[in-house]
Every structure is written in C-alpha cells, then in structure tokens.
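Asker: Below: one structure in structure tokens.
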Amino acid sequence: ETFFGCFVERNLAGAISYIVKQETLDIYRMMVYPAYFRRGIASTLLRFAEDSVPEARRVIVSTGTKNLPAYQLYLKHGFKKVSQGQFEIGFSMTDFEKLRHNKSY
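Next up, the structure:
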C-alpha cells in the first residue's frame, strides 16, 4: 500500500493510499482533515493518485453510501457506481469504478 499526503502551509491537510493490482488502481483510503474541507484537497489527492499510475486502465474505490461528499466527488471525477452492499450492522458501502481507455482522463 502506497501513501501520499497533501500539505498546506506545512500542515497535513489530507492523505490518500492505494495499491496497484495488474492494471487496476485500487484507492484504499482517502481522508481530509475537517479544517480543509471544501478546498479541493480530495480532488487533488485523487488526481495525484491517478497521475501516479498512468498504466492503470481501471480505478476502483468504495465509500459509505451515506457519505454524500465522497459519493459526489467520485461521480464528479468520472466514476460510475457499480455496486452497493448492506452489512448486518446497517452500514452500507457503495463501490465505484472508472475505466480509462487512454492516458487522457
């Protein structure tokens, strides 16, 4: 798993981690410190991860279904909802996927 941080004025504003399996970039974690919400940090981290693995033909990520900011972020960046699962404890996750047919996305 590879981690990267985003710093604003020497403060850690957010981080992302991913793994690469064959031609799939799997975003494992993405977090933004609340003081930096709505400043484009998550978009910057997501673009950075995608740019870091140009050979990936597929990008996948999951988030809590009720996490509307994340849900909207992934849709804004060209991801499509591919599945949704409900856990016994009442928690629901949504899986997203983006297919990249060339290096310009």
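Read in order, the letters of the sequence shown correspond to residues -4 to 100 in our numbering.
Yeah, the Cβ is synthetic: ideal placement off N, Cα and C, and Gly gets one too.
Could you name each continuous alpha helix (DSSP H) segment of 4 residues or more that falls completely within the segment 62 to 98, going from the start of the chain to the end?
Answerer: 63 to 71
Asker: Quick check: what's the CA-CA separation for ARG33 versus LEU63?
Answerer: 13 Å
Asker: Measure the alpha-carbon distance for MET88 versus ALA30 and round it to whole angstroms.
Answerer: 25 Å
Asker: Smallest Cα separation from LYS181: which of ILE84, VAL54, ILE11?
Answerer: A query on residue 181 cannot be resolved here, the shown segment of the chain reaching from -4 to 100 and no further.
Asker: Going by the beta-carbon positions, is the gap between PHE(-1) and ALA8 smaller than 8 Å?
Answerer: No. Outside cutoff.
Asker: Less than 7 Å between the CB of ILE36 and some heavy atom of the ligand ZN, yes or no?
Answerer: Ligands are entirely absent from the displayed structure, and the ligand ZN is therefore not among its contents.
Asker: Between which two residues does the beta strand (DSSP E) harbouring THR58 extend?
Answerer: 53 to 59
Asker: Rounded to the nearest angstrom, what separates ASP21 and ILE14 at their Cα positions?
Answerer: 5 Å
Asker: Suppose the cutoff is 6 Å on Cβ atoms and the five residues either side in sequence are ignored; what does the same chain contact list for TYR100 look like?
Answerer: Model confidence at TYR100 stands at a pLDDT of 44, short of 50, so the residue's coordinates are unreliable; what they give is reported in the following sentence. Once the five neighbours on either side are set aside, TYR100 has no close Cβ partner at all.
Asker: May I have the straight-line CA-CA distance separating PHE2 from GLY85, to the nearest angstrom?
Answerer: Across the structure, PHE2 and GLY85 are spaced so that their CA atoms are roughly 35 Å apart.
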